[in-house]
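Notes follow the structure.
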Amino acid sequence: MNESATDAEAFWAFSLEVYAKPQVAELCIALQDEYGFDVNLLLLGLWVAETQRKALDAERIRELREAVAPLNDNLVQPLRRVRRWAKPSDPVIETARYKLYGALKQVELNAERLVQAALVEALRPGLARVDEMPTPQAAARASLERYRQFLEAPDAAAVPLVQLIVRALP
Numbered sequence: 115m116n117e118s119a120t121d122a123e124a125f126w127a128f129s130l131e132v133y134a135k136p137q138v139a140e141l142c143i144a145l146q147d148e149y150g151f152d153v154n155l156l157l158l159g160l161w162v163a164e165t166q167r168k169a170l171d172a173e174r175i176r177e178l179r180e181a182v183a184p185l186n187d188n189l190v191q192p193l194r195r196v197r198r199w200a201k202p203s204d205p206v207i208e209t210a211r212y213k214l215y216g217a218l219k220q221v222e223l224n225a226e227r228l229v230q231a232a233l234v235e236a237l238r239p240g241l242a243r244v245d246e247m248p249t250p251q252a253a254a255r256a257s258l259e260r261y262r263q264f265l266e267a268p269d270a271a272a273v274p275l276v277q278l279i280v281r282a283l284p
């Protein structure tokens, strides 16, 4: 297995672990739905902070977003829309629809994994340009705040970003 594949597996494992922590999933989804953050890019910022104490700058964030835009635009987002539409209001009564929803959720998860592998691949060439920080939390704060500014998300988005860091990287 090459280094990118190994890093992609490590990033995926980190993401699953962090996403399962209390309130992390809810914060990520709220940041995505309310302010337009890419959950995988949020998780990448946390992963780079945790594993290397490095923070992404605005230029790296732009490059990474561009690298995964085709996957997000043509695969992940359409799958997410269909999955959300197919979610049954009552899983007990709507058994067939619930099974379809579960299958769509799995396909969407596989698509997210492709995005993560593409992010790791795109990150590698410019990692030397990433700022080193004293702690993982400081690196995460710098990355996610730069991402907020890049998106021109309102100051109100800073609160759930800080909460995400506290939950993800205690």
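Each residue of the sequence shown is one higher than the one before, starting from 115 at the first, in our numbering.
We treat Cβ as the ideally placed atom computed from N, Cα and C, and that holds for glycine.
- Remark: C-beta atoms of V182 and L170 do not approach each other more closely than 8 Å.
- For the pair A254 and L233, the CB atoms are not nearer than the 8 Å cut-off.
- Under the three-pair Cβ rule at 8 Å, the stretch 164 to 179 does not count as touching the stretch 213 to 223.
- Residue burial annotation: I279 is buried, with at least 16 other C-beta atoms found within 10 angstroms of its C-beta.
- Exclusion of the five residues before and after A200 leaves R211, L214, Y215 and L218 as the residues of its chain whose Cβ lies within less than 8 Å of its Cβ.
- Around the C-beta of A124, fewer than 16 other C-beta atoms lie within 10 Å, and the residue is accordingly described as exposed.
- A straight line joining the alpha-carbon of A122 with that of N154 spans about 12 Å.
- Rounded to whole angstroms, the Cβ separation of L141 and R238 is 28 Å, and the two are not in contact under 8 Å.
- The closest CA to that of E226, considering only S257, P184, V206 and A272, is found on P184.
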